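Chains A and B supply the protein sequences, listed in that same order.
Every letter in the first sequence is one number past the one before it in this note's numbering, and letter 8, counting from 1, is 34.
Every letter in the second sequence is one number past the one before it in this note's numbering, and letter 153, counting from 1, is 325.
Even for Gly, the Cβ is constructed at its ideal location relative to N, Cα and C.
What you are looking at is a predicted structure, and each value in this text was computed from that prediction instead of being measured.
Everything on this sheet refers to the single structure shown next.
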Amino acid sequence: MAHQPDHETYTGHAAPHHQAPLWAYFLVFFALMILTVVTVAVSRIDLGTLNTGVAMAIAVVKATVVILWFMHVIHSPRLTWIVVISSFLWLAVMFALFFSDYLTRGWNIY
Amino acid sequence: MRNPTLYDLEHPGTGGGDDDHGQHHPFLQHHFEDLGQQHEASTLGMWFFVAQEILFFGGIFCAYFIYREMYPAAWKAGSHHQNQLIGLANTIVLIGSSLTMALAVWGAQGAKRKFTTIMLVLTLILGSVFIGVKAYEYSVHIHEGLFPGSMFTYVNHDNPALTRGVELFMTFYFGMTGLHALHMVIGAGLLLYFIRRAWRGDFGPEYYGPVEIMGLYWHFVDIVWIFLFPLLYLV
Chain A
27 MAHQPDHETY
37 TGHAAPHHQA
47 PLWAYFLVFF
57 ALMILTVVTV
67 AVSRIDLGTL
77 NTGVAMAIAV
87 VKATVVILWF
97 MHVIHSPRLT
107 WIVVISSFLW
117 LAVMFALFFS
127 DYLTRGWNIY
Chain B
173 MRNPTLYDLE
183 HPGTGGGDDD
193 HGQHHPFLQH
203 HFEDLGQQHE
213 ASTLGMWFFV
223 AQEILFFGGI
233 FCAYFIYREM
243 YPAAWKAGSH
253 HQNQLIGLAN
263 TIVLIGSSLT
273 MALAVWGAQG
283 AKRKFTTIML
293 VLTLILGSVF
303 IGVKAYEYSV
313 HIHEGLFPGS
323 MFTYVNHDNP
333 ALTRGVELFM
343 TFYFGMTGLH
353 ALHMVIGAGL
363 LLYFIRRAWR
373 GDFGPEYYGP
383 VEIMGLYWHF
393 VDIVWIFLFP
403 LLYLV
């Protein structure tokens, strides 16, 4: 399926500059601040085992915001997207394999 | 020979095609066809580095979660020795430094020499404040006998059985925050180099990749802290 590379998918020669508006960075910072405060506030509420999950979910949202806008992935070529997504995919594989062993052992030796 | 791209047409004389020895940007390296390609190659390379850093820290986070599952009470007791207020303040300082870093990249894109330099200096200052506060926290922990190993003199009086578990928590605390702080120190050193280059006026819309890459590193270190803060201070 040979086809001519177009400017959408042809990486390597795209113009390097995409300058986001200045307010976007302050908006991202503001969102991160709010999420930080929410993290602390939620940790004060006893949700039992859910506390860690909620804290991690907020942290994932914060990290995603940083990656997309501060690290400019949102305006990056698809090759960058592949590297970013696959790195987290391998991280998920590592977590899944470790936890499927350690967190499912049917006995409590501790 | 390749066909000229939209980038070449819009930027004549920036080193597209075969004019390796013609007029081209002083920072275009000869093995790249144009600055666009150079920029993409360098940011992609940095992302590969960040990818291995994600897995490097990921392994430690994995171990953290497994031991936390084994010693939940000790983890809670251990995190009570963290000062949440200081942790929160330091988080704000670090995210603030990420903002100034992102603004520095923005300034470099617009060839705003003074603005870029000031933002990089602010990033360095905020990063240094973070490291300084971290050092203060370490000194408090060490004073309280919470440094693992032979210096560990802390005993949990409510439940002496938790003492060894708290020591394990503090091992993770010092290991994870220590590796994070090491990255910060390296980042601060790199910032000095970029402050010099920004002040010299190296960067502009055609060439800001190095600042962008510095930003990728700095933001990654920020992300690590985004996870460390709830895991160590807010158990």
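Cross-strand partners of B:Tyr-405 (DSSP beta bridge): The residue labelled residue 405 of chain B in the question sits at position 233 within the second sequence. When DSSP reads this structure, B:Tyr-405 sits in no beta bridge, so it has no partner.
Residues of its chain near A:Leu-123, where Cβ-Cβ distance is below 7 Å and the 5 sequence neighbours each way are ignored: Counting from 1 along the first sequence, the entry for residue 123 of chain A is found at position 97. Within the same chain, no residue comes within 7 Å of A:Leu-123 by CB-CB distance, once the 5 residues on both sides are set aside.
Cβ shell of B:Val-357 (< 6 Å), same chain only, five flanking positions each side left out: Start at 1 with the first residue of the second sequence, and residue 357 of chain B comes out as number 185. Counting only Cβ-Cβ distances below 6 Å, and skipping sequence neighbours, we find nothing.
Residue closest to A:Leu-61, alpha-carbon to alpha-carbon, out of A:Asp-72, A:Tyr-51, A:Val-91, A:Val-110: Here residue 61 of chain A corresponds to residue number 35 of the first sequence, with the count starting at 1. Of all alpha-carbon atoms in A:Asp-72, A:Tyr-51, A:Val-91, A:Val-110, the one lying nearest the alpha-carbon of A:Leu-61 is that of A:Val-91.
Residues from the stretch 250–271 of chain B in contact with chain A, defined by Cβ distance under 8 Å: The stretch 250–271 of chain B vs chain A, Cβ under 8 Å: Gln-256, Leu-260, Thr-263, Ile-264, Ile-267, Gly-268, Ser-270, Leu-271.
Reference B:Phe-375, options B:Lys-306, B:Gln-281, B:Val-305, B:His-352, closest by Cα: Reading the second sequence from its first residue, position 203 is the one you call residue 375 of chain B. Checked all of B:Lys-306, B:Gln-281, B:Val-305, B:His-352; the closest Cα to B:Phe-375 is B:Gln-281.
Whole-angstrom distance between B:Ile-398 and B:Lys-248, CA atom to CA atom: Working through the second sequence from its first residue, we reach residue 248 of chain B at position 76. Working through the second sequence from its first residue, we reach residue 398 of chain B at position 226. One C-alpha to the other measures close to 19 Å.
Inter-residue spacing [alpha-carbon to alpha-carbon] between B:Glu-384 and B:Ala-333: Mapped onto the second sequence, residue 384 of chain B falls at position 212. Mapped onto the second sequence, residue 333 of chain B falls at position 161. C-alpha of B:Glu-384 to C-alpha of B:Ala-333: approximately 50 Å in a straight line.
Proximity test, Cβ basis, 8 Å: B:Glu-316 and chain C: Here the protein chains are A and B, and chain C is not one of them.
Where A:Arg-70 falls, given that 16 or more other Cβ within 10 Å makes a residue buried: In the first sequence, the residue the question calls residue 70 of chain A occupies position 44. Counting every other CB atom within 10 Å of its CB across the protein chains shown gives A:Arg-70 a total below 16, marking it as exposed.
Sheet register partners of B:Gly-376 (DSSP bridge): Position 204 of the second sequence, counted from the first residue, corresponds to residue 376 of chain B. Beta-bridge pairing links B:Gly-376 to B:Tyr-379.
Buried/exposed call for B:Ala-307, threshold 16 Cβ in 10 Å: Looking up residue 307 of chain B in the second sequence gives position 135. Residue environment: B:Ala-307 is assigned as exposed (fewer than 16 neighbouring CB atoms within 10 Å of its CB, all protein chains considered).
A:Ile-100 versus B:Gly-268 - alpha carbon distance: Taking the first sequence and counting its residues from 1, one reaches residue 100 of chain A at position 74. Taking the second sequence and counting its residues from 1, one reaches residue 268 of chain B at position 96. Cα-Cα distance, rounded: 21 Å.
Beta-carbon proximity check, B:Ser-311 vs B:Trp-390, cutoff 8 Å: As a first step, residue 311 of chain B must be located in the second sequence, where it is residue number 139. As a first step, residue 390 of chain B must be located in the second sequence, where it is residue number 218. Result no, Cβ atoms of B:Ser-311 and B:Trp-390 do not sit closer than 8 Å.
Residues within the stretch 109–134 of chain A neighbouring chain B, beta-carbon criterion of under 8 Å: Under the 8 Å Cβ criterion, the stretch 109–134 of chain A contributes Val-109, Val-110, Ser-112, Ser-113, Phe-114, Trp-116, Leu-117, Met-120, Phe-121, Phe-124, Phe-125, Tyr-128, Leu-129.
First and last residue of the uninterrupted alpha helix (DSSP H) at B:Gln-254: Working through the second sequence from its first residue, we reach residue 254 of chain B at position 82. Where B:Gln-254 is concerned, there is no enclosing alpha helix (DSSP H), given that its DSSP letter is neither H nor E.
Under the three-state DSSP convention, the category A:Met-59 falls into: In the first sequence, counting from the first residue as 1, residue 59 of chain A sits at position 33. Residue state, collapsed to three classes: helix.
8 Å Cβ cutoff met for B:Leu-292 and B:Ala-370: Taking the first residue of the second sequence as 1, we reach residue 292 of chain B at position 120. Taking the first residue of the second sequence as 1, we reach residue 370 of chain B at position 198. The beta carbons of B:Leu-292 and B:Ala-370 sit closer together than 8 Å.
Distance CB(A:Val-109)-CB(B:Leu-227) smaller than 8 Å: Against the first sequence, residue 109 of chain A aligns to sequence position 83. Against the second sequence, residue 227 of chain B aligns to sequence position 55. No. Outside cutoff.
Within 8 Å, strictly: CB atoms of B:Leu-296 and B:Ala-360: Working through the second sequence from its first residue, we reach residue 296 of chain B at position 124. Working through the second sequence from its first residue, we reach residue 360 of chain B at position 188. Contact: yes.
B:His-329 burial status per 10 Å Cβ neighbour count (16 or more: buried): As a working mapping, residue 329 of chain B is identified with position 157 in the second sequence. Answer is exposed; the Cβ neighbour count stays below 16.
B:Gln-209 (DSSP reduced to helix, strand or coil): For the purposes of this step, residue 209 of chain B is identified with residue 37 of the second sequence, where counting begins at 1. B:Gln-209: helix per DSSP, three-state reduction.
Interface flag, B:Trp-371 vs chain A, CB-CB below 8 Å: One-based indexing of the second sequence puts residue 371 of chain B at position 199. At a cut-off of 8 Å, the C-beta of B:Trp-371 has no neighbouring C-beta in chain A.
Three-pair Cβ contact test at 8 Å for the stretch 319–326 of chain B versus the stretch 272–279 of chain B: Contact fails: fewer than three Cβ-Cβ distances are below 8 Å.
Local Cβ density within 10 Å of A:Lys-88, reported as buried at 16 or more and exposed below that: Mapped onto the first sequence, residue 88 of chain A falls at position 62. Its Cβ being crowded by 16 or more others within 10 Å, A:Lys-88 is buried.
C-beta atoms of B:Thr-335 and B:Tyr-326 nearer than 8 Å: Translated into positions along the second sequence, residue 335 of chain B becomes position 163. Translated into positions along the second sequence, residue 326 of chain B becomes position 154. Yes; because the gap between Cβ atoms is below 8 Å, this pair is in contact.
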